[in-house]
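To keep things clear, I will list the structure first and then write my remarks on it.
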Amino acid sequence: MSTLQDTVNNWFRIPKKSWGGLIETLFEDKKALIGLTVGPATLLMLFASFLPILWALNLGLYDAGALSPTWTWVGIQNYVDVLNSPAYWDAFWRSLSFGFGSVAVQLVVGVGTALMLSREFRGVVLARAMIFLPYLIPTVVVGMVFRLMLNGNYGIINVLLVDIGLINQPIGWLTSGAIALPTLIVANSWKFAIFITIMVLARLQSIPNEFYEAATMNGAGPIRKFRDITLPQIKGVILLTLLLRGIWMFNKFDIIYIMTTGGPGQSTTTLPIYIFEMAFLNFRLGQAGAIAGTLFGFLGVGAIVYFVGFNPAEEVGR
275 MSTLQDTVNN WFRIPKKSWG GLIETLFEDK KALIGLTVGP ATLLMLFASF LPILWALNLG
335 LYDAGALSPT WTWVGIQNYV DVLNSPAYWD AFWRSLSFGF GSVAVQLVVG VGTALMLSRE
395 FRGVVLARAM IFLPYLIPTV VVGMVFRLML NGNYGIINVL LVDIGLINQP IGWLTSGAIA
455 LPTLIVANSW KFAIFITIMV LARLQSIPNE FYEAATMNGA GPIRKFRDIT LPQIKGVILL
515 TLLLRGIWMF NKFDIIYIMT TGGPGQSTTT LPIYIFEMAF LNFRLGQAGA IAGTLFGFLG
575 VGAIVYFVGF NPAEEVGR
């Protein structure tokens, strides 16, 4: 029975001794090696990310309907109509509120949890394993569970709050326009704050204990140790995670749609929800593409300003 290598040799008629030379040649030729290693990933990113982005940006230049096979060129008219729409700017400010609120809560909870888990105590290994569970649970499951727990009629949250006397009657956490968005921020942060915990905890564990021992000998207390040792060491990681979380939270769609579908009314309709409604409920693909294009532009400009102002790459490299 011939081996796989013998079969390949027969196909390409390459002698066995030539395989070693061929591999050595590939490793010596840096361009060929880069092409073989980076090329497949680059092609995957091209087809999975860049081409859809270009298609969406191009779509924004046409009057296109989901039920119409023809596209009519309108230039930047879709962008003009979108930017002059009050509904667009309402969704934009809600996206900004949701993004900043989520990042702020996740930063406080994530860094605080990382500081607690960086200390040695009995059961710390189990605690570190358990604290990562929310990040492993699918977002769909998290959204559905929170939707049931926060139900205004039979949700467990209202039942507990009424039983202990904090409230007199059930609260419509997801049906009240005043508190629906803050409720989403809390539910969203419960799942995704662990990302910051993972990043910060990894950096905390790399700080030499000698730094803290020297600070103790000099009479430094916990607050001063955090200010002079811990914070400078984790600053770069925090800046980088803030950028990543900011982009991801501004683009968040799934948990919002699962828990509120943009309601009540339009109180939780962020830009991603607005794009979905424009494309798949109103069937106006051209304007949906224009909204997506403006979202892409805002995030790109924001990322550039953030890198120029804070330079997180340099902070991480320190």
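Basically this note's numbering = 1-based index in the sequence shown + 274.
From the three backbone atoms N, C-alpha and C, an ideal C-beta is built for every residue, glycine too.
All of these numbers come straight from a predicted model, not from anything done at the bench.
Residue i burial status per 10 Å Cβ neighbour count (16 or more: buried)
i    : result
G539 : exposed
F258 : A question about residue 258 goes unanswered here, because the residues of the chain that appear run from 275 up to 592.
K291 : Note on K291: pLDDT 46, under 50, position unreliable in the model; the coordinate value appears next. Counting Cβ neighbours within 10 Å, K291 comes out exposed, since fewer than 16 surround it.
N419 : The sequence shown places Val at residue 419, rather than the Asn named in the question. So V419 ends up on the exposed side.
V377 : buried
M404 : exposed
S541 : buried
G567 : buried
T490 : exposed
G583 : exposed
W285 : Confidence in W285 is poor, its pLDDT being 44 and thus under 50, which makes the residue's placement unreliable; the coordinate value appears in the next sentence. Under this definition W285 is an exposed residue.
E551 : buried
M533 : buried
L317 : exposed
F366 : buried
I508 : buried
L391 : buried
L424 : buried
L440 : exposed
N492 : exposed
Euclidean distance between Cα positions of residue i and residue j
i    : j    : result
L458 : D502 : 35 Å
Q479 : I470 : 14 Å
L555 : N483 : 58 Å
F570 : F324 : 12 Å
N352 : K465 : 36 Å
A553 : L333 : 11 Å
L505 : G397 : 26 Å
W522 : A467 : 12 Å
A315 : I308 : 11 Å
A330 : M319 : 16 Å
G417 : E487 : 45 Å
S248 : G386 : No answer is possible for residue 248: the residues shown for the chain start at 275 and end at 592.
T346 : Y336 : 5 Å
P360 : T544 : 13 Å
Y409 : V415 : 11 Å
I453 : T344 : 43 Å
G313 : K305 : 11 Å
L516 : A401 : 25 Å
Sequence-distant residues of its chain with Cβ nearer than 7 Å to residue i (five each side left out)
i    : result
L422 : G429
G451 : P538, G539, S541
N525 : P546
T535 : none
G520 : G373, V377
L559 : L333, A338, G339, A340, A553
L475 : A388, L391, S392
Same chain only: Cβ atoms within 6 Å of residue i, ignoring 5 sequence neighbours per side
i    : result
G339 : F557
N462 : S376, I529
I549 : A562, I565, A566
G426 : P444, G446, T449
T413 : D528, I529
Y362 : V356
G574 : none
V282 : Because V282 sits at a pLDDT of 46, beneath the cut-off of 50, its placement in the model cannot be relied upon, and the following sentence gives the value as read from the coordinates. Around V282: no qualifying Cβ.
R477 : I508, V511
Minimum Cβ-Cβ distance from residue i to chain D less than 8 Å
i    : result
G567 : Absent from the structure: chain D. Only one protein chain is present.
Those residues which DSSP pairs with residue i across a bridge
i    : result
G594 : Since the displayed the chain opens at 275 and closes at 592, residue 594 lies outside it and no answer follows.
T544 : According to DSSP, which records beta bridges pairwise, T544 is partnered with nothing at all.
T311 : For T311, which the question treats as bridged, DSSP gives no partner whatsoever.
T346 : D337
Cut-off 8 Å between Cβ atoms - residues of its own chain near residue i, not counting five sequence neighbours on either side
i    : result
L455 : R368, S371, F372, G375, S541, T542
L434 : none
R498 : A489
V436 : N442, Q443, P444
I350 : L335
D364 : Q540, T543
P496 : none
Margin query: Taking 8 Å as the cut-off, does the region 378 to 397 touch the region 512 to 530 (at least 3 CB pairs, one atom from each stretch)?
Written below: Output reads yes: the region 378 to 397 touches the region 512 to 530.
Margin query: With a threshold of 8 Å, are at least 3 pairs of Cβ atoms found where one atom belongs to the region 350 to 357 and the other to the region 435 to 445?
Written below: Of all C-beta pairs linking the region 350 to 357 to the region 435 to 445, fewer than three are shorter than 8 Å, placing the two stretches out of contact.
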